[in-house]
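Chemist: Provided herewith is a single structure, encoded as structure tokens, for subsequent inquiry.
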Amino acid sequence: MQPRHSGASLLTQVEVKRAISVLTAADWLRLHKVARALCREAAFEADDLLQEAFQRALDGTRQCTRTLDIVHFLAGVMRSIASDWRKARKRRPEMSLVTETGSLQDVVLQVRDSAPVADEVLAVNEEAARLKAAIFALFVDDRLAHRLLEGIMDGLAGAQLRSLTGLSETEFASKRRLIRRRIDKAYPKDWTP
Amino acid sequence: MSQKNKGQSSRLDRLTDTLVEDILACSDADLLAEAAADNDDGGTLARRAFERASRTVAVRHIARNKSPPPGRRQAPANIRALDPNTARGWLDAYLASNPETAGQLPRAVRRGKKLSDEDVYGMLEALQQRGVLTEKPIEQSRR
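Chain order of the listed sequences is A and B. Here numbering that gives the first Met the number 0 is used: the first residue of the first sequence is 0, the next is one more, and so on. Here numbering that gives the first Met the number 0 is used: the first residue of the second sequence is 0, the next is one more, and so on.
In structure tokens:
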């Protein structure tokens with residue numbers, strides 16, 4: 000999938016473009032699914048996130064090492080961009096440039112106070128609790144999936160997460176897929192059912 | 000943001016990370032089967048996003064290459080900001096370093112005679128437009 004050459008440890012922009020151009024149908028789909036998963040938590044479009052990641056890869060803003068799979072690289076770029084966009088949305092600076100005389104020296108930068116007021120914090124907390132309950136409700140019929148979900152949300156991963164449920168690697172992968180599929184169906188675009 | 004709110008956000012972040020992990024680990028066959036079952040055209044949308052990104056990057060690249068290289072100025076009006084002696088000095092310097100061009104000019108012109116200020120400015124502007132005139136910082140030689 001990814002051209003490998005001796006010499007420099009980073010792919011050139013031409014090589015990155017070539018590597019993306021020859022992605023398989025499954026890889027294109029994979030990238031879009033990753034973008035949708037990352038966009039679910041914030042109000043931006045998967046296509047925009049994907050395009051931004053491609054742009055940063057193509058113009059060399061983000062560089063891919065030769066040892067890294069290009070799809071994993073792009074997924075990492077998307078994760079980083081999504082995180083930045085989410086933080087920017089949370090800050091909501093609502094900046095505006097005001098010029099009264101038209102002179103550059105007279106530009107005034109006005110920044111809204113971004114500290115959330117108590118009502119906003121309360122509303123966000125309530126919404127998060129409601130969402131968590133709704134996600135768990137998707138798995139009321141599946142005790143193992145329920146437990147796995149709890150482990151994931153508590154920050155467990157890998158063998159530790161598997162040992163929580165006593166599943167083999169294959170069973171674990173299968174259960175994790177079931178969780179993803181149900182969530183995909185219940186929340187195809189964002190965390191709104 | 001309160002600790003509780005942070006906690007709820009990171010819970011969802013962890014879930015999202017796990018979902019992404021699963022997508023990356025999923026076999027090609029399983030992904031394609033899912034897409035067929037869901038009537039998911041994400042693959043096409045991803046290709047389109049790539050095409051848009053490629054066009055944007057190409058347009059930016061062209062725009063960047065159009066800007067003048069460091070040390071050269073493209074705006075012809077800047078030449079008119081030179082005082083006549085400095086302009087003559089620039090032309091002389093150019094002709095001295097480009098004897099093949101100087102050789103094509105009439106002898107009197109080569110000696111700097113019969114050239115009005117307007118001629119000098121006109122020649123410098125022509126050289127500037129061709130991108131062959133190396134300019135000095137214009138602030139040091141303003142009229």
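Every residue gets a Cβ at the ideal spot worked out from N, C-alpha and C, and that includes glycine. A quick note: this is a predicted structure, and the numbers were derived from the prediction, not measured.
Three-state secondary structure (DSSP) at residue 64 of chain A?
Modeler: Correct three-state label for residue 64 of chain A: strand.
Chemist: So, is residue 149 of chain B buried or exposed, given that buried needs 16 or more other C-beta atoms within 10 angstroms?
Modeler: Beyond the ends of chain B as shown, which are 0 and 142, falls residue 149 of chain B; an answer cannot be given.
Chemist: Please determine whether the Cβ atom of residue 81 of chain B lies at a distance below 7 Å from any heavy atom of the ligand GTP.
Modeler: Ligands displayed in this structure: none; no statement on the ligand GTP is therefore possible.
Chemist: State the DSSP-derived secondary structure class of residue 137 of chain A, mapped to helix, strand or coil.
Modeler: Here residue 137 of chain A sits in coil by DSSP.
Chemist: So which residues of chain A does residue 21 of chain B contact, with C-beta pairs closer than 7 Å?
Modeler: Within chain A, the residues near residue 21 of chain B are 175, 176, 179.
Chemist: Give the residues of chain B in contact with residue 49 of chain A, contact being defined as C-beta atoms less than 7 Å apart.
Modeler: 45, 48, listed in chain order.
Chemist: On the three-state DSSP scale, how would you describe residue 81 of chain B?
Modeler: Here residue 81 of chain B sits in strand by DSSP.
Chemist: If you measure from the beta carbon of residue 154 of chain A to each beta carbon in chain B, is any gap under 8 Å?
Modeler: Closer than 8 Å to some Cβ of chain B, the Cβ of residue 154 of chain A qualifies, so yes.
Chemist: With distances taken between CB atoms, is the gap from residue 90 of chain B to residue 58 of chain B smaller than 8 Å?
Modeler: No.
Chemist: Using 10 angstroms around the beta-carbon of residue 31 of chain A, count the other beta-carbons present and answer buried if the total reaches 16, otherwise exposed.
Modeler: It counts as buried.
Chemist: Which of the three DSSP states, helix, strand or coil, is assigned to residue 10 of chain A?
Modeler: Residue 10 of chain A: coil per DSSP, three-state reduction.
Chemist: Pop quiz: residue 29 of chain A and residue 70 of chain A are said to be a contact at Cβ under 8 Å. What is the actual Cβ separation, rounded to whole angstroms?
Modeler: Their Cβ separation, rounded to whole angstroms, is 6 Å, which keeps residue 29 of chain A and residue 70 of chain A in contact under 8 Å.
Chemist: Quick check: residue 74 of chain A and residue 30 of chain B, are their CB atoms within less than 8 Å of each other?
Modeler: No, the Cβ-Cβ distance between residue 74 of chain A and residue 30 of chain B is not below 8 Å.
Chemist: Can a CB atom of chain A be found closer than 8 Å to the CB of residue 34 of chain B?
Modeler: Yes, its Cβ sits closer than 8 Å to a Cβ of chain A.
Chemist: Runs of 4 residues minimum, wholly inside the segment 156-180 of chain A: which ones carry the alpha helix (DSSP H) assignment?
Modeler: Listed in chain order, the complete alpha helix (DSSP H) runs (minimum 4 residues) inside the segment 156-180 of chain A are 157-164.
Chemist: Is the Cβ-Cβ distance between residue 50 of chain A and residue 51 of chain B less than 8 Å?
Modeler: In this structure, residue 51 of chain B lies closer than 8 Å to residue 50 of chain A by Cβ.
Chemist: List, in chain order, every chain A residue whose beta-carbon is nearer than 8 Å to that of residue 24 of chain B.
Modeler: Simply 172.
Chemist: Taking 8 Å as the threshold (beta carbon to beta carbon), is residue 84 of chain A in contact with chain B?
Modeler: So no, residue 84 of chain A is outside the interface.
Chemist: Name the two residues that bound the continuous alpha helix (DSSP H) containing residue 120 of chain B.
Modeler: Element bounds for residue 120 of chain B: 116-128.
Chemist: Exposed or buried, what is residue 18 of chain B when buried is set at 16 or more other beta-carbons lying within 10 Å of its beta-carbon?
Modeler: Answer is buried; the Cβ neighbour count reaches 16.
Chemist: Which residues in the same chain as residue 59 of chain A place their Cβ atom closer than 6 Å to its Cβ, once the five residues preceding and following it in sequence are excluded?
Modeler: Result list for residue 59 of chain A: 12, in chain order.
Chemist: Only counting the same chain, and skipping five residues up and downstream in sequence, which positions put a Cβ closer than 8 Å to that of residue 126 of chain A?
Modeler: For residue 126 of chain A, where only same-chain residues beyond five positions count, there are no Cβ hits under 8 Å.
Chemist: So, with DSSP's three-state summary, where would you put residue 38 of chain A?
Modeler: Of the three classes helix, strand and coil, the one that applies to residue 38 of chain A here is helix, per DSSP.
Chemist: Restricting to Cα atoms, I'd like to know which of B:126, B:54, B:82 is closest to residue 93 of chain B.
Modeler: The option with the nearest alpha carbon to residue 93 of chain B is B:126.
Chemist: Mind pulling the chain B residues with CB within less than 7 Å of residue 31 of chain A?
Modeler: Within 7 Å Cβ-Cβ: 41, 42, 44, 45.
Chemist: Would DSSP call residue 105 of chain A helix, strand or coil?
Modeler: For residue 105 of chain A, the predicted model reports a pLDDT of 38, less than 50, meaning its position is unreliable; a value from the coordinates is still stated below. Reduced to three states, the DSSP call for residue 105 of chain A is helix.
Chemist: Between residue 11 of chain B and chain A, is any beta-carbon pair separated by less than 8 Å?
Modeler: Interface residue, yes.
Chemist: So residue 174 of chain A and residue 144 of chain A are supposed to be a Cβ contact under 8 Å. How far apart are they, rounded?
Modeler: That pair is a contact at about 6 Å.
Chemist: Does the beta-carbon distance from residue 41 of chain A to residue 81 of chain A come in below 8 Å?
Modeler: The answer is yes: Cβ separation under 8 Å.
Chemist: Thinking just about the alpha-carbon of each residue, which of B:97, B:64, B:123 is nearest to the one in residue 83 of chain B?
Modeler: Cα-wise, what sits closest to residue 83 of chain B is B:123.
Chemist: Using only the alpha-carbon positions, how far apart do residue 52 of chain A and residue 96 of chain B sit?
Modeler: Going from the Cα of residue 52 of chain A to the Cα of residue 96 of chain B covers about 48 Å.
Chemist: Check whether chain A comes within 8 Å of residue 58 of chain B, counting only Cβ atoms and requiring the distance to be less than that.
Modeler: With 8 Å as the cut-off, residue 58 of chain B does not count as an interface residue toward chain A.
Chemist: Just mark residue 42 of chain B as buried or exposed, buried being the case when its beta carbon has 16 or more other beta carbons within 10 Å.
Modeler: With 16 or more Cβ atoms within 10 Å of its Cβ, residue 42 of chain B is classed as buried.
Chemist: What in chain A is Cβ-close to residue 51 of chain B, meaning under 9 Å?
Modeler: The contacting residues are 46, 50, 53, 54.
Chemist: Taking Cβ positions, are residue 55 of chain A and residue 76 of chain A nearer each other than 8 Å?
Modeler: In this structure, residue 76 of chain A lies closer than 8 Å to residue 55 of chain A by Cβ.
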